[in-house]
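full-length UniProt numbering puts the first residue of the sequence shown at 1, with every later residue one more than the last. We put the beta carbon where it would ideally sit given N, CA and C, even for glycine. Input: a single structure, listed below in structure tokens.
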Amino acid sequence: MTDTRALLNRISAFRQRLEQMPRLLPDRSSLRSELPEYPVAESAPDEKPEVPGRLGTRARQALDEARGLVTELRKLTQHALLDSPQPFIEREELLEHHRETTALLNGAIRMIRYLPEPPDEQWLWCESLEASLNAVRYRLAVWKACLDRLGSERLLLHNVAVLLNDIHHTQTIEPDRFSALVDLFLQESTSTSLTWLEVSSEDPASFIARHTILRCRVLRRMASKQDPEFLRKLLAAGLLCDVAMLRLPAGLLSKSDSLSVEDRQLIESHPLRSAEMIRKSLPYLTEVAEIVTEHHERDNGTGYPNSWKKEQLKAESRWLAIADQYSALIEDRPYRPGCDPRTAVTDLLLQMEQGIFDSRLASALLEIGLYPIGSAVELSDGSLAVVLGHPRIENQLAKPLIGVLTDDEGRFYPTLKILDLISSPGCSIVRTLPKAERRKKLSRQHLDWAL
Numbered sequence: 001m002t003d004t005r006a007l008l009n010r011i012s013a014f015r016q017r018l019e020q021m022p023r024l025l026p027d028r029s030s031l032r033s034e035l036p037e038y039p040v041a042e043s044a045p046d047e048k049p050e051v052p053g054r055l056g057t058r059a060r061q062a063l064d065e066a067r068g069l070v071t072e073l074r075k076l077t078q079h080a081l082l083d084s085p086q087p088f089i090e091r092e093e094l095l096e097h098h099r100e101t102t103a104l105l106n107g108a109i110r111m112i113r114y115l116p117e118p119p120d121e122q123w124l125w126c127e128s129l130e131a132s133l134n135a136v137r138y139r140l141a142v143w144k145a146c147l148d149r150l151g152s153e154r155l156l157l158h159n160v161a162v163l164l165n166d167i168h169h170t171q172t173i174e175p176d177r178f179s180a181l182v183d184l185f186l187q188e189s190t191s192t193s194l195t196w197l198e199v200s201s202e203d204p205a206s207f208i209a210r211h212t213i214l215r216c217r218v219l220r221r222m223a224s225k226q227d228p229e230f231l232r233k234l235l236a237a238g239l240l241c242d243v244a245m246l247r248l249p250a251g252l253l254s255k256s257d258s259l260s261v262e263d264r265q266l267i268e269s270h271p272l273r274s275a276e277m278i279r280k281s282l283p284y285l286t287e288v289a290e291i292v293t294e295h296h297e298r299d300n301g302t303g304y305p306n307s308w309k310k311e312q313l314k315a316e317s318r319w320l321a322i323a324d325q326y327s328a329l330i331e332d333r334p335y336r337p338g339c340d341p342r343t344a345v346t347d348l349l350l351q352m353e354q355g356i357f358d359s360r361l362a363s364a365l366l367e368i369g370l371y372p373i374g375s376a377v378e379l380s381d382g383s384l385a386v387v388l389g390h391p392r393i394e395n396q397l398a399k400p401l402i403g404v405l406t407d408d409e410g411r412f413y414p415t416l417k418i419l420d421l422i423s424s425p426g427c428s429i430v431r432t433l434p435k436a437e438r439r440k441k442l443s444r445q446h447l448d449w450a451l
């Protein structure tokens, strides 16, 4: 068999594989059912293009690369997250990224089929072909990273929700099981984004678990320099302090109007009831139960359930109170949207000055930063950027290190432009982008920063 005939057979087999990509069974309960069925690399009915008789080494490598990318794309459409029956707000961004990536790969494959035979012309075409394949490879890596991260977040949400639900039903929680969850938060890097999933208040266990996860991540950042045993107790209390919210009447968590006196009394009973549930299901956490009892007390005696003052409260309770309040402020609630992190920190610092919270914990609160790592922000010149880190000068947090995504007219740069705001006095952050605006403006070019 001649080399040409062998090559034609390979291309024919490759085409058969392409025509099968991706054929997905409809399933209205999952995101996978919404992935488009693209006719990848198919010709129009009246087209019968001639396959080049000879492919140079560079073109053959591109052909092999395209095959690998087709396989990778088909593999990603089988990702476990896409089978989730639970709706999630990132759905449209993931679908759009998949559509555009598939279209880009389709165009590259068509280019392979129409490569000219002369080696010098083929070599020039390969420049564009390789650029397209590199773009596809990058987009697939981003899509996979986003799917993996969202999948991990949903698994954590599920595990925390199941734990809280088991305690709600008075099941005994083995120490190893609880310790494993605490370890997950201890092992998280404080230099990663402070993220949380959007969850409906119509699902009480998941809604409470979402707030629980965010609160624990805030505690992890605030207390990163504290004694490990102290931090472990904080995280344990952070995981459990709202478990009694599951025993509230159906609909109270999703109520969008003012609370009645009876509603407020029920909510304000949850610290004592949570502590009681901890003693029953986790009897080895008696000290944690005491911390939980106090996490809604305030230094000036205006808290609940006992109106205790600062000198009567455990140190862990005062830390937990601040982390819980910060988390509540930045989250959306049925009755109001969440505020931006800078506003939340400013509000808490003001309350510290007023004696409501422990003012000695101001520096711990600022460990989170006015603009937490991963925040999408608008700069004073109108450009968009993401916060990458918080440098320190003489042990004090300085202006953040950012990665600039766009110019002042909204045009995206090919890569992040790293900018240290300390050495850029003419540039400053003016606001944090709300989640919806962030997804809208960044998802086409930077899905990983948008979600």
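Through-space distance from residue j to residue i, alpha-carbon basis
{"i": "valine 377", "j": "leucine 433", "result": "5 Å"}
{"i": "leucine 163", "j": "serine 179", "result": "12 Å"}
{"i": "leucine 114", "j": "leucine 156", "result": "At residue 114 the sequence reads tyrosine, which differs from the leucine that was named. Between tyrosine 114 and leucine 156, the C-alpha separation is close to 48 Å."}
{"i": "asparagine 306", "j": "glutamate 297", "result": "7 Å"}
{"i": "leucine 272", "j": "alanine 161", "result": "20 Å"}
{"i": "proline 372", "j": "proline 341", "result": "7 Å"}
{"i": "histidine 158", "j": "glutamate 65", "result": "38 Å"}
{"i": "serine 152", "j": "proline 119", "result": "48 Å"}
{"i": "serine 256", "j": "arginine 336", "result": "8 Å"}
{"i": "threonine 101", "j": "valine 199", "result": "28 Å"}
{"i": "proline 414", "j": "alanine 103", "result": "20 Å"}
{"i": "serine 191", "j": "glutamate 311", "result": "34 Å"}
{"i": "arginine 232", "j": "alanine 209", "result": "18 Å"}
{"i": "aspartate 227", "j": "histidine 97", "result": "44 Å"}
{"i": "threonine 57", "j": "arginine 99", "result": "30 Å"}
{"i": "serine 258", "j": "arginine 264", "result": "10 Å"}
{"i": "glutamate 90", "j": "arginine 54", "result": "45 Å"}
{"i": "aspartate 347", "j": "tryptophan 319", "result": "16 Å"}
{"i": "leucine 421", "j": "glutamine 122", "result": "47 Å"}
{"i": "glutamate 268", "j": "alanine 364", "result": "27 Å"}
{"i": "alanine 44", "j": "glutamine 445", "result": "With a pLDDT of only 37 at alanine 44, under 50, the local geometry of the prediction cannot be trusted, and no value is derived from it."}
{"i": "aspartate 27", "j": "leucine 76", "result": "In this predicted model, aspartate 27 has a pLDDT of only 38, less than 50, meaning its place in the structure is not dependable enough to derive any value."}
{"i": "histidine 79", "j": "leucine 361", "result": "43 Å"}
{"i": "proline 204", "j": "alanine 108", "result": "47 Å"}
{"i": "serine 281", "j": "cysteine 216", "result": "20 Å"}
{"i": "phenylalanine 230", "j": "histidine 270", "result": "24 Å"}
{"i": "lysine 440", "j": "leucine 95", "result": "13 Å"}
{"i": "residue 454", "j": "leucine 197", "result": "Residue 454 lies beyond the range of the chain shown here (1 to 451); nothing can be said about it."}
{"i": "alanine 237", "j": "leucine 379", "result": "38 Å"}
Buried or exposed by the 16-neighbour rule on C-beta atoms within 10 Å, applied to residue i
{"i": "glutamine 325", "result": "buried"}
{"i": "glutamate 62", "result": "The question names glutamate, but residue 62 is alanine in the sequence shown. Classification of alanine 62: buried, given that the 10 Å Cβ count is 16 or more."}
{"i": "tyrosine 138", "result": "exposed"}
{"i": "glycine 68", "result": "exposed"}
{"i": "aspartate 381", "result": "exposed"}
{"i": "leucine 235", "result": "buried"}
{"i": "proline 116", "result": "exposed"}
{"i": "arginine 411", "result": "exposed"}
{"i": "threonine 170", "result": "exposed"}
{"i": "alanine 436", "result": "exposed"}
Contact belief for residue i with residue j at Cβ below 8 Å, rounded distance in angstroms
{"i": "alanine 450", "j": "arginine 438", "result": "6 Å"}
{"i": "alanine 323", "j": "valine 218", "result": "4 Å"}
{"i": "valine 288", "j": "serine 274", "result": "Not really, about 10 Å apart at Cβ, beyond 8 Å."}
{"i": "histidine 168", "j": "valine 243", "result": "6 Å"}
{"i": "serine 383", "j": "valine 404", "result": "6 Å"}
{"i": "leucine 129", "j": "isoleucine 368", "result": "Incorrect: roughly 46 Å between the Cβ atoms, too far for contact."}
{"i": "serine 327", "j": "histidine 211", "result": "6 Å"}
{"i": "arginine 149", "j": "glutamate 188", "result": "About 12 Å; that fails the 8 Å criterion."}
{"i": "leucine 214", "j": "arginine 154", "result": "About 15 Å separates the two Cβ atoms, so there is no contact after all."}
Cβ shell of residue i (< 7 Å), same chain only, five flanking positions each side left out
{"i": "glutamine 351", "result": "Phe357"}
{"i": "glutamate 202", "result": "Ser254"}
{"i": "glutamate 72", "result": "Leu140"}
{"i": "proline 334", "result": "Ser201, Ser254, Lys255, Ser256"}
{"i": "alanine 344", "result": "Tyr326, Leu329, Ile330"}
Close beta carbons around residue i, own chain, < 6 Å, minus the five adjacent residues each side
{"i": "serine 443", "result": "Glu93, Ala450"}
{"i": "valine 386", "result": "Ala376, Gly403, Trp449"}
{"i": "lysine 417", "result": "Val404"}
{"i": "tryptophan 125", "result": "Leu115"}
{"i": "alanine 321", "result": "His295"}
Cutoff 8 Å; reference residue i; Cβ partners in own chain excluding five residues on either side
{"i": "aspartate 448", "result": "Val142, Ala145, Cys146"}
{"i": "isoleucine 278", "result": "Ile167, Leu240, Val243, Leu285, Val288, Ala289, Val292"}
{"i": "lysine 48", "result": "Reliability fails at lysine 48, whose pLDDT of 37 lies under 50, so the model's placement of it is uncertain and no value is given."}
{"i": "arginine 177", "result": "Leu163"}
{"i": "glycine 338", "result": "Leu329, Ile330, Glu331, Asp332"}
{"i": "threonine 302", "result": "Ile356"}
(request) Output the residue ranges of the alpha helix (DSSP H) runs that lie fully inside the stretch 83 to 126 and measure 4 residues or longer, sorted by chain position. (result) Taken in chain order, the unbroken stretches of alpha helix (DSSP H) that lie wholly in the stretch 83 to 126 and span 4 residues or more are 91 to 113.
(request) At 4 residues or longer, and completely inside the stretch 138 to 210: list those alpha helix (DSSP H) runs for me, N to C. (result) Within the stretch 138 to 210, the complete alpha helix (DSSP H) runs of at least 4 residues are 175 to 187.
(message) If we require 4 or more residues per run, which alpha helix (DSSP H) segments fall completely within the stretch 216 to 283?
(response) If we require 4 residues or more, the alpha helix (DSSP H) runs fully inside the stretch 216 to 283 come out as 228 to 240, 261 to 268, 270 to 281.
(message) So within the stretch 388 to 429, which uninterrupted beta strand (DSSP E) runs reach at least 3 residues, ignoring any that extend past its ends?
(response) Taking only runs of at least 3 residues, the beta strand (DSSP E) segments lying wholly in the stretch 388 to 429 are 401 to 406, 412 to 420.
(message) Suppose only complete runs of 4+ residues qualify. What are the alpha helix (DSSP H) ranges in the stretch 312 to 356, listed by chain order?
(response) Within the stretch 312 to 356, the complete alpha helix (DSSP H) runs of at least 4 residues are 315 to 330, 341 to 353.
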